[in-house]
Amino acid sequence: MTKNFTDKHLIINVLTFFSWYSVEKMLWSTKLSVIVRLNIVTKTKSI
874 MTKNFTDKHL IINVLTFFSW YSVEKMLWST KLSVIVRLNI VTKTKSI
């Protein structure tokens, strides 16, 4: 009973961690791409 419970708990923890991690990575990549685009835009404007 307790082992089953801890297993479920662990799986839920891992799933939560991975979903949070992927969301975080997505946010980071969008942030980076936005920054890069802004840099490109400002560079082309200055030229």
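If you count the sequence shown from 1, you need to add 873 to reach the working numbering. The C-beta atom is built at its ideal place from N, Cα and C for all residues, glycine as well.
Cα-Cα separation, residue i to residue j
i    : j    : result
N886 : T875 : 16 Å
V896 : K881 : 22 Å
R910 : W901 : 14 Å
N912 : T903 : 14 Å
Same chain, Cβ closer than 7 Å to residue i, five either side skipped, listed in chain order
i    : result
T889 : none
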